[in-house]
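A.B. asks:
Residue numbers (the UniProt record's numbering): 1 to 152.
1. Using CA coordinates, which residue listed in 109, 73, 87 is at the minimum distance from residue 133?
2. Using 10 angstroms around the beta-carbon of residue 84, count the other beta-carbons present and answer buried if the total reaches 16, otherwise exposed.
3. Taking just the CA atoms, how far does residue 24 sit from residue 64?
4. What is the DSSP secondary structure of residue 27, reduced to helix, strand or coil?
5. Looking at C-alpha atoms only, which residue of 140, 139, 135 is the closest neighbour of residue 29?
6. Beta-carbon within less than 6 angstroms of residue 114's beta-carbon, same chain only, minus the 5 sequence neighbours each way: which residues are those?
7. For the alpha helix (DSSP H) containing residue 86, name the first residue and the last one.
8. Quick check: the region 1 to 8 against the region 107 to 121, are at least 3 beta-carbon pairs closer than 8 angstroms?
9. Any idea which residues DSSP pairs residue 137 with across the strands?
10. Looking at residue 35 and residue 116, is the spacing between their C-beta atoms short of 7 angstroms?
11. So, using beta-carbon positions, are residue 138 and residue 57 closer together than 7 angstroms?
12. Let me check understanding here. Comparing Cα to Cα, which of 31, 106, 118, 19 lies closest to residue 49?
13. In terms of residue numbering, what span does the beta strand (DSSP E) encompassing residue 15 cover?
14. Taking residue 105 as the reference, give the member of 94, 17, 12 with the closest Cα.
15. Going along the chain, which residues of its own chain have a beta-carbon closer than 8 angstroms to the beta-carbon of residue 140, five neighbours each way excluded?
16. Nearest-angstrom Cα distance between residue 128 and residue 75?
So, in structure tokens, the structure goes:
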């Protein structure tokens, strides 16, 4: 899938901040989430159009977030971690060992046990859009521009 639109975001995204715009975007089409750990950002694309972007938290050095292409395998609005007893609102599971995207307090200096933490309002938006099987691509330093291919 080729990038057809990038959101017009004024400057770097700050922790706790997010952008969302589905205007002039097809209502259907594949949803792909890209995460750049180096830039500490997530982008949500529908059919190649960026519809959302936010700053993220990710895994601490001792509990790193796994790079690669993952699929959403489970969704649950109210989830509690089996390993840590921590709430994981709007959880979308990516791995069998518990790594997921979920709502979190996204603050500078904070980290997770491998999960991707996003602001609560943003978590609600992507949870409503995402389906089981949607792709999540986690990289360290790969940024996409107009005409770039998502997933390569």
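Where a beta carbon is used, it is the ideal one built from N, C-alpha and C, also for glycine.
C.D. replies: Quick answer:
1. Answer by Cα proximity: 73.
2. Residue 84 is exposed by the Cβ-count criterion.
3. Inter-residue distance for residue 64 and residue 24 is about 37 angstroms (C-alpha atoms, whole angstroms).
4. Coil, per DSSP.
5. Nearest C-alpha to residue 29 among 140, 139, 135: 135.
6. Once the five neighbours on either side are set aside, the close Cβ partners of residue 114 are 59, 63, 65, 99.
7. Run containing residue 86: none; DSSP gives neither H nor E here.
8. Contact annotation: the region 107 to 121 does not touch the region 1 to 8, with fewer than three C-beta pairs closer than 8 angstroms.
9. Secondary-structure assignment with DSSP links residue 137 through a beta bridge to 34, 69.
10. Result yes, Cβ atoms of residue 116 and residue 35 sit closer than 7 angstroms.
11. With a cutoff of 7 angstroms on beta-carbon distance, residue 138 and residue 57 are scored as not near each other.
12. That would be 31, whose Cα lies nearest to the Cα of residue 49.
13. For residue 15, no beta strand (DSSP E) encloses it, and the DSSP letter there is neither H nor E.
14. Residue 17 is the option with its Cα nearest to residue 105.
15. Within its own chain, the residues whose Cβ lies closer than 8 angstroms to the Cβ of residue 140, once the five positions on either side in sequence are excluded, are 36, 37, 38, 67, listed in chain order.
16. One C-alpha to the other measures close to 10 angstroms.
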